[in-house]
Amino acid sequence: MTLKPEDNVDSGPAGDAGAETTPASGATFQFTSFKEFLQFVAYVGDDVQMEFAEPVLDAAGAALVQKGVHMRATLQKSLQQFFDRGNLNENILIADTATLHNALRDRVCRTLLRCLEPGRFHVAQALADASQINIRGMLASVVGRRDILPVVLKLDKSEDPILPHLGEVALVAAGLAEQYCKHAGSGTLTREIVRNAMIGGLLHDIALADDDDFLLNDIEKISESAHAGRSAALTRQLVPDLPAEVTDIIEHHHRTSAPYEPETDSQLSAQAIAGEALALAEYIFVQLRSQYKKDEKMNSAELLFYDLGRAFGQGRFHPQFKKIAARLWEKLFATLHYGYEIGVVENRCPKKPSAIAYPTPRCTQIMCHRHVTACEHYDSQFPLEVLQATRFPGRPGVMIDPGKYGKCRLAAALPKGINEKLTADAWLRQNQQAASGEPGA
21 MTLKPEDNVD SGPAGDAGAE TTPASGATFQ FTSFKEFLQF VAYVGDDVQM
71 EFAEPVLDAA GAALVQKGVH MRATLQKSLQ QFFDRGNLNE NILIADTATL
121 HNALRDRVCR TLLRCLEPGR FHVAQALADA SQINIRGMLA SVVGRRDILP
171 VVLKLDKSED PILPHLGEVA LVAAGLAEQY CKHAGSGTLT REIVRNAMIG
221 GLLHDIALAD DDDFLLNDIE KISESAHAGR SAALTRQLVP DLPAEVTDII
271 EHHHRTSAPY EPETDSQLSA QAIAGEALAL AEYIFVQLRS QYKKDEKMNS
321 AELLFYDLGR AFGQGRFHPQ FKKIAARLWE KLFATLHYGY EIGVVENRCP
371 KKPSAIAYPT PRCTQIMCHR HVTACEHYDS QFPLEVLQAT RFPGRPGVMI
421 DPGKYGKCRL AAALPKGINE KLTADAWLRQ NQQAASGEPG A
């Protein structure tokens, strides 16, 4: 299954009407093979009414089924018999009625919302529960757009494994954007910002559709696969009327730099919120899927928040999002803050990102990854020896090559362990007091 711009016509024209969530007048689903038509019938299911938009003809041009007739099992059997005898014109048009359109939207949303199924930890659950906008409902509205439904519908019909990933990133990006707007304030732009983050998440990896190695290319070969730029270009072709700010955040959804000071109290511009939320959402899932070590004392949720903490400490994401994580996942805050403290120490490296704390997650030493022997913190005594290529903790796609690495004296500043007594409320109060200059800060 390959997505092509010319395929994005099933639900009618885009243009200014592309954002509409009801079918365009006269819109149809067009089939040129009977086999393809039967696959669509099976996908839709027996409980959804389908209406023929034009007569179905035999090979000689005589009408077998009249326009406006509804599909049913006996009719399908009759058409199958004509097809088996080679006496069926396989050009079939099904009307894109409101009933069918909504049923297809709901069917796709079941796949996109798989991350919200009970019985598993997922960051999307807390964000959806805390949402005042109702990001679940917003996702359904976005999926129902005339210019977006054909794109995700094709992925769902082919059971492309990337679709649940697109759904989870869309929800988390939207949820993070909403929480930022709620706590940092951005006025009436909130819903627009959240929607842009959601659409960006829904299409951010679209170039990896039909890619058997999509996880490898999305985690370890981020640069080599160049999928972020390709996804932005494909989005511009598939959904040409999306605003440029959406395709721009798709193009830059993998964060490789560390543009922030961990303790800064600055605010993002309204234009930057959606992009920051999408980059963080994608980082979360890259981390979840790159947790190769399964023998650690931390579970998946703890490892995720430990890695997130290091990313915040390194200045990779805006500090406001650390506060959001602290509010939503109180029980995991101590782990988040432990990782954060390690990341802050790594961020003090004059040649960052050369300082790498190890061993994960209970870091007691720091290696100099770039061999900066002239650095004041470099310690050549008792170097660390790496015997085989090792995955770079917290930085998917980067490897530590075999060899000897000098240690860094910044290790003396590493935290001694997780402070289980530290709570998000206490930490937030400390930050507020420090910002206001109150006593006890």
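Numbers in the numbering used here are just positions in the sequence shown, counted from 1, shifted up by 20.
We put the beta carbon where it would ideally sit given N, CA and C, even for glycine.
Which listed residue (the options) has its alpha carbon closest to that of residue i
i    : options                : result
A253 : D225, R368, S277       : D225
E350 : A297, A433, E198, L442 : L442
G88  : Q69, S98, T94, G81     : Q69
N111 : R368, Y326, V76        : V76
I362 : R347, I344, F325       : F325
A115 : I153, R156, A44, H185  : A44
H274 : G164, A246, V171       : A246
T117 : L186, T41, C129, L222  : T41
P468 : N154, L173, E396, V143 : Beyond the ends of the chain as shown, which are 21 and 461, falls residue 468; an answer cannot be given.
G157 : R211, G359, L175       : R211
E271 : Y398, D285, L407, R256 : R256
G46  : H121, L348, A93, V365  : H121
N367 : A144, C428, A321       : C428
D261 : A144, G220, E440, D167 : D167
Q59  : D176, I269, P282, N439 : D176
Rounded straight-line distance, which links the Cα of residue j to that of residue i
i    : j    : result
G35  : T48  : Unreliable positioning characterises G35 in this predicted model, as indicated by a pLDDT of 36, which lies under 50. The coordinate reading is nonetheless provided below. G35 and T48: Cα-Cα distance of roughly 17 Å.
V259 : E74  : 27 Å
A83  : V162 : 38 Å
G333 : A394 : 25 Å
T131 : A431 : 45 Å
Q100 : A79  : 13 Å
D315 : P381 : Residue placement at D315 cannot be trusted, given a pLDDT of 44 that sits under 50; what the coordinates show is reported in the next sentence. Those two C-alpha atoms are separated by around 11 Å.
L434 : M387 : 13 Å
P181 : G426 : 42 Å
L169 : K372 : 44 Å
A197 : D67  : 37 Å
Y312 : K343 : In this prediction, Y312 has a pLDDT of 49, which is less than 50 and means its spatial position is unreliable; what the coordinates show is noted afterwards. The alpha-carbon atoms of Y312 and K343 are separated by roughly 28 Å.
D126 : V266 : 24 Å
E240 : L356 : 24 Å
L95  : V85  : 8 Å
H391 : T410 : 17 Å
N154 : G423 : 51 Å
L133 : G81  : 44 Å
I304 : G65  : 35 Å
F353 : V61  : 49 Å
L348 : G164 : 29 Å
Beta-bridge pairing of residue i - partner residues as DSSP gives them
i    : result
H247 : In DSSP, H247 forms no bridge with anything.
V406 : G423
Y398 : C428
R411 : M419
Q385 : Y378
A115 : T48
The ligand NAD heavy atom lying under 7 Å from the CB of residue i
i    : result
L159 : Looking at this structure, you won't find the ligand NAD or any other ligand, since it has none at all.
Proximity test, Cβ basis, 8 Å: residue i and chain C
i    : result
R127 : The displayed structure is made up of one protein chain only, and chain C is not part of it.
Contained alpha helix (DSSP H) runs [length at least 4] in the stretch 278-358, N- to C-terminal order: The alpha helix (DSSP H) runs of length 4 or more contained entirely in the stretch 278-358 are, from start to end of the chain, 290-309, 320-333, 340-348.
Validate contact between the stretch 225-235 and the stretch 403-411 using beta carbons, cut 8 Å, 3 pairs: Taking 8 Å as the limit for Cβ pairs, the verdict is that the stretch 403-411 does not touch the stretch 225-235.
At least three beta-carbon pairs within less than 8 Å, the stretch 149-158 to the stretch 100-111: With the cut-off at 8 Å, the stretch 149-158 and the stretch 100-111 do not touch.
Complete runs of the beta strand (DSSP E) confined to the stretch 35-104 [at least 3 residues]: List check, beta strand (DSSP E) in window: 48-51, 83-85.
Cβ pair count under 8 Å reaching 3, the stretch 336-345 against the stretch 276-283: Using a C-beta cut-off of 8 Å, the stretch 336-345 makes contact with the stretch 276-283, since at least three inter-stretch Cβ pairs fall below that distance.
At least three beta-carbon pairs within less than 8 Å, the stretch 291-303 to the stretch 187-204: Cβ pair count under 8 Å is three or more, so yes.
Contact between the stretch 298-311 and the stretch 214-222 (3+ Cβ pairs under 8 Å): Counting C-beta pairs closer than 8 Å gives three or more between the stretch 298-311 and the stretch 214-222, which meets the contact rule.
In chain order, each alpha helix (DSSP H) run of at least 4 residues that lies wholly inside the stretch 105-177: Counting whole runs of 4 or more residues, the stretch 105-177 contains the alpha helix (DSSP H) stretches 118-132, 143-150, 155-163, 169-177.
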